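Here the working numbering runs 17 ahead of the position in the sequence shown, where the first position is 1.
Single-structure report; data block below.
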Amino acid sequence: MKQETDIEFQSPARINELQEQLLRKALNYLQRHSPYYRRMFAEQGIDPRRIVHIDDLVQLPFTEKSDLQRCNDDFCCCPRERIIDYITTSGTLGDPVTFGCTEKDLRRLAYNEKKSFACAGLRPGNVLQLMTTMDKRFMAGLAYFLGVRELGAGIVRVGNGIPELQWDTIRRIRPDTLMCVPSFILRLIQYAEEHDIDYRNSSVRRIIGIGEGLRDQDFRLNLLGQRIREKWDVDLYATYSSTEMGATFSECPYQCGGHVHPELIIVEIIGDDNLPVPDGEVGEIVVTTLGVEGMPLLRFRTGDMAAKRTEQCRCGRNSYRLTPLVGRKNNLIKLKGTTLYPPAINDVLDNTDYVENYVIIVQENDNGTDEVIVRIGLKSLPPFDVVKDMKDRFRSRIRVAPVVEVDSVEAVRNVNAPANSRKPVKFIDKRTKS
Numbered sequence: 018m019k020q021e022t023d024i025e026f027q028s029p030a031r032i033n034e035l036q037e038q039l040l041r042k043a044l045n046y047l048q049r050h051s052p053y054y055r056r057m058f059a060e061q062g063i064d065p066r067r068i069v070h071i072d073d074l075v076q077l078p079f080t081e082k083s084d085l086q087r088c089n090d091d092f093c094c095c096p097r098e099r100i101i102d103y104i105t106t107s108g109t110l111g112d113p114v115t116f117g118c119t120e121k122d123l124r125r126l127a128y129n130e131k132k133s134f135a136c137a138g139l140r141p142g143n144v145l146q147l148m149t150t151m152d153k154r155f156m157a158g159l160a161y162f163l164g165v166r167e168l169g170a171g172i173v174r175v176g177n178g179i180p181e182l183q184w185d186t187i188r189r190i191r192p193d194t195l196m197c198v199p200s201f202i203l204r205l206i207q208y209a210e211e212h213d214i215d216y217r218n219s220s221v222r223r224i225i226g227i228g229e230g231l232r233d234q235d236f237r238l239n240l241l242g243q244r245i246r247e248k249w250d251v252d253l254y255a256t257y258s259s260t261e262m263g264a265t266f267s268e269c270p271y272q273c274g275g276h277v278h279p280e281l282i283i284v285e286i287i288g289d290d291n292l293p294v295p296d297g298e299v300g301e302i303v304v305t306t307l308g309v310e311g312m313p314l315l316r317f318r319t320g321d322m323a324a325k326r327t328e329q330c331r332c333g334r335n336s337y338r339l340t341p342l343v344g345r346k347n348n349l350i351k352l353k354g355t356t357l358y359p360p361a362i363n364d365v366l367d368n369t370d371y372v373e374n375y376v377i378i379v380q381e382n383d384n385g386t387d388e389v390i391v392r393i394g395l396k397s398l399p400p401f402d403v404v405k406d407m408k409d410r411f412r413s414r415i416r417v418a419p420v421v422e423v424d425s426v427e428a429v430r431n432v433n434a435p436a437n438s439r440k441p442v443k444f445i446d447k448r449t450k451s
């Protein structure tokens, strides 16, 4: 899309005008086609025609994950014969939710990913090595494939894992871009170093990360990003996406937040009082999808915590951006008087050379307060007290230290990769939810 016609480069007033036009269209569509929202409007005494501005959204109730789980079929706005692709959420917060996509929805996915990849600098002639699955009812892999195809760049569908196959593909096809979970890059580097692969002089110049953060709130690389960059001088791009919103927000080359595509989604940032917070303040991400035909969502609470940045980006876009995720609202930990989210613990572990793998377990102790247990598998046994060293690392970074337990790499790996899981499990919350 040319810059002069891309809504992201137009004025904030024009972006807001377009979003409000699309919001009214989406509400009309839900009133006519959604059993769930039609029932909700009637029960709450809501006339969706009175919701004309984005600020009016606060008059509407939120859609919760539990609503999708309890009334899954009622969110579908199309007859079954119109659905051509079925996918499910990962189920990390309970039972997976099924989403049906129409042909229009798949075209929307392709358009979204085309814009996201272009935002990250991909053009026709680039070759992307896709290191995520396209099966297992996973939306992301399919979306990435459709987007790269729509963009006109090349793609190699390798899938996840298997460092040997990844490096063989890099050698044979010479992709310039990798797309994968960032922590897997460390495994690729380790494999390359163990097998004398000159990875620093490979064809790879760009890595697009999914599912894990690469930056802190100030947009500087976090410890995981720093560790990758110290080993491999490549450009690192972070993204944020979810099945429910059917969209991806990618960084541009200035790497100061994920650019929201305003023609596809409305994003609110909500505080503890369920009202919008000032721009720049961290809150929960709430999304309203635009242009979705199969299962559109209205004010869906993602549970993810971030802030909205509205000043013009140096790339020239006026569309707002999201900061790196702070964590998930439900995963907030209060450890020995310190409030933190799991990514802060991940960052310390990802930056510890002798840690091969790990899992973080949060539970309630006898006093009813949070207890955090970190189980780690070691690459080799260092000549010092591992538990003491890990606790020192935690205290220097997050001021408090969890319980540290050393386990076998295989035992931790079995926890990280349970049967039927599409994503690595690194965080387990055993607390009783109120």
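All residues carry an ideal CB built from backbone N, CA and C; glycine is no exception.
Please read all numbers here as calculations on a predicted model, not as lab measurements.
If you look at Lys346, you'll find it isn't in any alpha helix (DSSP H); DSSP assigns it neither H nor E. Within the same chain, Cβ atoms closer than 6 angstroms to the Cβ of Ile415 are found at Leu357, Ala361, the five residues on either side in sequence being excluded. For Gly158, the enclosing alpha helix (DSSP H) covers residues 156 to 168.
A residue is called buried once 16 or more other Cβ atoms fall within 10 Å of its Cβ, and Ser220, having fewer, is exposed.
Listed as beta-bridge partners of Ala264 by DSSP are Ser259. For Val144, the enclosing beta strand (DSSP E) has its first and last residue at 144 to 147. Straight-line spacing of the CA atoms in Tyr254 and Arg124 works out to 24 angstroms.
Looking at Gly117, Gly385, Ser336, the one whose alpha-carbon comes closest to that of Asp23 is Ser336. For Thr305, the three-state secondary structure derived from DSSP is strand.
Cβ atoms of Glu373 and Lys396 come within 8 angstroms of each other, at about 5 angstroms. Restricting attention to alpha helix (DSSP H) runs no shorter than 4 residues, the stretch 19 to 94 encloses them at 29 to 50, 52 to 61, 82 to 87, ordered along the chain.
Taking the C-beta atoms as reference points, Val198 is found nearer than 7 angstroms to Glu229. Ranked by Cα distance from Met57, the first of Asp112, Pro313, Pro78, Arg174 is Pro78. Between Leu44 and Asp185, the alpha-carbon positions lie close to 50 angstroms from each other. For Glu280, the closest C-alpha among the options Cys269, Glu37, Gly171 is that of Glu37. With the rule of 3 Cβ pairs closer than 8 angstroms, the stretch 188 to 208 counts as touching the stretch 133 to 146.
Within the DSSP secondary-structure output, Cys273 pairs in no beta bridge. When DSSP states are grouped into helix, strand and coil, Asn433 belongs to the helix group. For Phe444, the enclosing beta strand (DSSP E) starts and ends at 444 to 446.
Ile282 places its beta carbon less than 7 angstroms from that of Leu307. Judged by DSSP secondary structure, Asp122 falls within the alpha helix (DSSP H) whose first and last residues are 120 to 136.
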